[in-house]
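Letter by letter, the sequence shown follows residues 94 to 318 in our numbering. Each residue gets a CB set at the ideal place from its N, CA and C atoms; glycine is no exception. One structure below.
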Amino acid sequence: MKILIIEDEKDMLQNMQETLVKENYLVETASDLNAAISKVGVYDYDCILLDINLPDGSGMEILNFLKENEKTEGVIIVSARNSVDDRITGLNTGADDYIAKPFHMAELNARVKALLRRKKFDGSELLKIGNISIDTEKHIAQTGYGEMELNRKEFDILTYLATNQNRLVSKSALAEHVWGDHIDQADSFEFIYSQIKNLRKKLKDVRAEVEIKAVYGIGYKLTLT
Numbered sequence: 094m095k096i097l098i099i100e101d102e103k104d105m106l107q108n109m110q111e112t113l114v115k116e117n118y119l120v121e122t123a124s125d126l127n128a129a130i131s132k133v134g135v136y137d138y139d140c141i142l143l144d145i146n147l148p149d150g151s152g153m154e155i156l157n158f159l160k161e162n163e164k165t166e167g168v169i170i171v172s173a174r175n176s177v178d179d180r181i182t183g184l185n186t187g188a189d190d191y192i193a194k195p196f197h198m199a200e201l202n203a204r205v206k207a208l209l210r211r212k213k214f215d216g217s218e219l220l221k222i223g224n225i226s227i228d229t230e231k232h233i234a235q236t237g238y239g240e241m242e243l244n245r246k247e248f249d250i251l252t253y254l255a256t257n258q259n260r261l262v263s264k265s266a267l268a269e270h271v272w273g274d275h276i277d278q279a280d281s282f283e284f285i286y287s288q289i290k291n292l293r294k295k296l297k298d299v300r301a302e303v304e305i306k307a308v309y310g311i312g313y314k315l316t317l318t
C-alpha cells in the first residue's frame, strides 16, 4: 500500500514516516503545497495524510485537486486540535477522516488501516480470489495446499493485481505502485519481469486457482483459471 504524507513540521513528518514504514507501507512525503500537488498529479496513492496548514498555501487545495481530477485517494486530515472549521470543511470537500494533533502514532496507524480496509477491501482484511486468501494485515497469502513464501515486493504485486482482478494493470502503474518514486531511476522493467516470474511459480506451487496473464508490451492482469 502506498501512502503520501503532506506535512511541514519536520519532526512530525519524520515520526509519521518511520511509524508507517515499520508497518511495511511504501511511504512518500511532501512538506509544502507545490511539492504535494506535483506528486498527486503524477502518482496514485492509497492514502494521503494531509496537513491543512502548509507554508505556501492551504491543504484544501489538494482536496480540490483530487476532486477536479476525479482521483480516488483516501484522505485523512491532520489538523490542530482547535481547527474544527478546517476539519468540517475538509470532510465536506471529500476527506474521509481526520486526526487532531497531538496524537499517538498507534492511533495514526489504526486510522490508516481502517481507511485502507474501507477503500480496498470493503472493511475486511481478507481478500479472496478463487481458492487463494490474502491477509493484508498479516501479509500472508495461502490456499488449502499451503502458504506462499513471498517477499515484500511479491506480496505487494499480488495484492495490487488482486484488487484489480480482471483489469489490465500497466507495467508502469504496477512499478510505480510497488516501487514508488524510485521507479524514475529505472532503465527498464526487468525487475518486474523477475518478480512476476517468481510469483507465478509460487502460485503454481500452492495450486492457486488464479493466473497472472501478460498482455505483451502493456502489462498484466490476474484472472481465475
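Checklist entry - Just the Cα atoms here: how many angstroms apart are residue 98 and residue 121? => result Indexing the sequence shown from 1 puts residue 98 at position 5. Indexing the sequence shown from 1 puts residue 121 at position 28. The straight-line gap from Cα to Cα measures roughly 6 Å.
Item to check | Own chain residues within Cβ distance below 7 Å of residue 136, not counting five before or after | outcome: Within the sequence shown, residue 136 is the residue found at index 43, counting from 1. If we look at residue 136 and ignore the five residues flanking it on each side, its Cβ neighbours are 269.
Next on the checklist: I need the straight-line Cα distance from residue 299 to residue 265, nearest angstrom please.
Outcome noted: As a position in the sequence shown, residue 299 is number 206, starting the count at 1. As a position in the sequence shown, residue 265 is number 172, starting the count at 1. Between the alpha carbons of residue 299 and residue 265 lies a distance of about 28 Å.
Next on the checklist: Taking a contact to mean a Cβ-Cβ separation below 8 Å, would you say residue 170 touches residue 191 in this structure?
Outcome noted: Residue 170 sits at position 77 when you count from the first residue of the sequence shown. Residue 191 sits at position 98 when you count from the first residue of the sequence shown. A Cβ-Cβ contact shorter than 8 Å links residue 170 with residue 191.
Item to check | Beta-bridge pairing of residue 250 - partner residues as DSSP gives them | outcome: Taking the first residue of the sequence shown as position 1, residue 250 is located at position 157. Beta bridge pairing from DSSP links residue 250 with no other residue.
Checklist entry - If you draw a straight line from the C-alpha of residue 278 to the C-alpha of residue 209, how long is it? => result Walking along the sequence shown from the start, residue 278 turns up at place 185. Walking along the sequence shown from the start, residue 209 turns up at place 116. In this prediction, residue 278 scores a pLDDT of 48, lower than 50, which makes its location untrustworthy; the coordinate-derived value is nonetheless stated afterwards. Approximately 28 Å between the Cα atoms of the pair.
Item to check | Rounded separation between residue 154 and residue 95 - CA only | outcome: By 1-based counting over the sequence shown, the position of residue 154 is 61. By 1-based counting over the sequence shown, the position of residue 95 is 2. The straight-line gap from Cα to Cα measures roughly 21 Å.
Item to check | Alpha-carbon spacing of residue 159 relative to residue 284, whole angstroms | outcome: On the sequence shown, residue 159 is found 66 positions in, with the first residue counted as 1. On the sequence shown, residue 284 is found 191 positions in, with the first residue counted as 1. Our two residues, residue 159 and residue 284, have alpha carbons roughly 31 Å apart in a direct line.
Checklist entry - Taking the DSSP output, what are the residues bridged to residue 209? => result Reading the sequence shown from its first residue, position 116 is the one you call residue 209. In the DSSP assignment, residue 209 forms no beta bridge with any residue.
Item to check | Whether residue 207 touches residue 227 by CB criterion (8 Å) | outcome: Locating residue 207 in the sequence shown gives position 114, where the first residue counts as 1. Locating residue 227 in the sequence shown gives position 134, where the first residue counts as 1. Result no, Cβ atoms of residue 207 and residue 227 do not sit closer than 8 Å.
Checklist entry - Which term fits residue 309, buried or exposed, when burial requires 16 or more other beta carbons within 10 angstroms of its beta carbon? => result Here residue 309 is taken as the residue at index 216 of the sequence shown, counted from 1. The Cβ neighbour count for residue 309, taken over all protein chains shown within 10 Å, is under 16; the residue is labelled exposed.
Next on the checklist: Classify residue 172: buried if its beta carbon has 16 or more other beta carbons within 10 angstroms, exposed otherwise.
Outcome noted: Reading the sequence shown from its first residue, position 79 is the one you call residue 172. A buried status is given to residue 172, since no fewer than 16 other beta-carbon atoms sit within 10 Å of its beta-carbon.
Checklist entry - Is the beta carbon of residue 250 sitting closer than 8 Å to the one on residue 288? => result On the sequence shown, residue 250 is found 157 positions in, with the first residue counted as 1. On the sequence shown, residue 288 is found 195 positions in, with the first residue counted as 1. Taking 8 Å as the Cβ cut-off, residue 250 and residue 288 qualify as a contacting pair.
Item to check | Span separating the alpha-carbon of residue 261 from that of residue 102 | outcome: Locating residue 261 in the sequence shown gives position 168, counting from the first residue. Locating residue 102 in the sequence shown gives position 9, counting from the first residue. Each residue's Cα considered, the two are about 39 Å apart.
Checklist entry - Enumerated in chain order, which unbroken segments of the alpha helix (DSSP H) with a length of 4 residues or greater are wholly contained in the region 114-186? => result For the region 114-186, whole alpha helix (DSSP H) runs of length 4 or above, ordered along the chain, are 126-135, 153-161 and 177-186.
Checklist entry - Should residue 147 and residue 125 be called a contact, given that it needs their Cβ atoms to be closer than 8 Å? => result By one-based count along the sequence shown, residue 147 stands at place 54. By one-based count along the sequence shown, residue 125 stands at place 32. Less than 8 Å separates the beta-carbon of residue 147 from that of residue 125.
Next on the checklist: Quick check on DSSP: helix, strand or coil for residue 298?
Outcome noted: Within the sequence shown, residue 298 is the residue found at index 205, counting from 1. Correct three-state label for residue 298: helix.
Checklist entry - Any idea what DSSP makes of residue 264, helix, strand or coil? => result For the purposes of this step, residue 264 is taken as residue 171 along the sequence shown, with counting starting at 1. The answer is helix: DSSP assigns residue 264 an H, G or I state.
Checklist entry - So which of 183, 189 and 202 has the shortest CA-CA distance to residue 114? => result As a first step, residue 114 must be located in the sequence shown, where it is residue number 21. Ranked by Cα distance from residue 114, the first of 183, 189 and 202 is 202.
Checklist entry - Between which two residues does the beta strand (DSSP E) containing residue 316 stretch? => result Stepping through the sequence shown from its first residue, residue 316 is reached at position 223. Boundaries of the beta strand (DSSP E) around residue 316: 312-317.
Checklist entry - So residue 317 and residue 303 are in contact, right, with Cβ under 8 Å, and what is the actual spacing, rounded? => result Taking the first residue of the sequence shown as position 1, residue 317 is located at position 224. Taking the first residue of the sequence shown as position 1, residue 303 is located at position 210. About 6 Å separates the Cβ atoms of residue 317 and residue 303, confirming a contact at the 8 Å cut-off.
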